[in-house]
Amino acid sequence: MKLFSERFYQDRENFHLYLHKYNKHCNNIFATLYYSRLKYLCKRVLNYIENFAEWNDNKTGYDDCILLYYWIYITLAKYFGSNNIISMNHAFDCIERIWSNLVNYYKEKSYYEKCKPLFKEIVNHDDWKMRQELYDYYVDFTKLFDTDKLYDKVCKDYYKKIEEKIPLYVHFKQICSDNISPNSMINIRIIILIQYYISYHAI
528 MKLFSERFYQ DRENFHLYLH KYNKHCNNIF ATLYYSRLKY LCKRVLNYIE NFAEWNDNKT
588 GYDDCILLYY WIYITLAKYF GSNNIISMNH AFDCIERIWS NLVNYYKEKS YYEKCKPLFK
648 EIVNHDDWKM RQELYDYYVD FTKLFDTDKL YDKVCKDYYK KIEEKIPLYV HFKQICSDNI
708 SPNSMINIRI IILIQYYISY HAI
């Protein structure tokens with residue numbers, strides 16, 4: 528049984544037909560390294576955004592766009608190496624400019640106001656990988672929690688996943704207590720998740 532975050536990232540890797548329709552937007556991507564790969568990544572991003580239902584219509588309770596940001600950054604880490612932050616950020620910026628122009632232009636009906644780029648808020652952090660893992664856990668928490676109670680066989684695997692997240696709580700609990708901003712949805716989600724974690728282990 529795959530978790531939602533796992534399925535989301537896996538689905539982004541699937542082959543997509545008709546990506547040539549995005550050539551007019553992505554062929555001019557400014558990149559000196561991995562141009563072909565970044566152009567292909569750009570087209571996959573636009574394909575997802577074009578076919579994405581606005582967050583207001585999303586009944587899941589979390590934002591798929593945040594998973595999209597993390598998937599892009601994970602993909603860039605594969606291209607450039609996870610320690611080459613400067614190149615990763617430059618590549619992200621190249622893609623972000625293209626999709627920002629589309630989602631902010633009211634005549635682009637297929638893109639307008641969908642998945643607005645939030646690079647600085649989402650992935651522009653030294654601990655971006657831990658933030659990604661924590662957000663994945665936030666997305667998957669209900670399924671992990673409910674399955675952990677119902678299925679003994681699956682329980683062991685999922686409980687292991689839960690236990691592996693303990694270092695994330697240690698890391699973020701201090702950050703949130705020191706730097707909490709009422710306007711930060713990421714911080715609010717982290718606090719909610721910490722509360723879930725505490726209640727879960729109190730059972």
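Each residue of the sequence shown is one higher than the one before, starting from 528 at the first, in the working numbering.
Beta carbons: idealized from backbone N, C-alpha and C, even for Gly.
Simplified DSSP state of residue i, which is helix, strand or coil
{"i": "residue 654", "result": "coil"}
{"i": "residue 541", "result": "coil"}
{"i": "residue 609", "result": "coil"}
{"i": "residue 532", "result": "helix"}
{"i": "residue 637", "result": "coil"}
{"i": "residue 670", "result": "helix"}
{"i": "residue 618", "result": "helix"}
{"i": "residue 644", "result": "coil"}
{"i": "residue 560", "result": "coil"}
{"i": "residue 555", "result": "coil"}
{"i": "residue 590", "result": "coil"}
{"i": "residue 691", "result": "coil"}
{"i": "residue 632", "result": "coil"}
{"i": "residue 579", "result": "coil"}
Close-in-space but distant-in-sequence residues of the same chain around residue i (CB under 8 angstroms, 5 per side omitted)
{"i": "residue 507", "result": "Here the chain comprises residues numbered 528 to 730, so residue 507 is not present and cannot be evaluated."}
{"i": "residue 491", "result": "The chain is shown from 528 up to 730; residue 491 falls before or after that span and cannot be answered."}
Chain-order list of residues whose beta-carbon lies under 7 angstroms from that of residue i (same chain, five-residue window excluded)
{"i": "residue 637", "result": "577"}
{"i": "residue 625", "result": "552, 553, 556 and 569"}
{"i": "residue 543", "result": "571 and 574"}
Supposed close pair residue i, residue j - CB separation, criterion 8 angstroms
{"i": "residue 531", "j": "residue 670", "result": "7 angstroms"}
{"i": "residue 573", "j": "residue 621", "result": "The pair is not a contact, with the Cβ atoms about 13 angstroms apart (cut-off 8 angstroms)."}
{"i": "residue 575", "j": "residue 594", "result": "Incorrect: roughly 10 angstroms between the Cβ atoms, too far for contact."}
{"i": "residue 561", "j": "residue 632", "result": "Contact doesn't hold; Cβ gap of about 27 angstroms is too wide."}
Checklist entry - Does the count of Cβ pairs from the segment 608 to 622 and the segment 661 to 673 closer than 8 angstroms reach three? => result no
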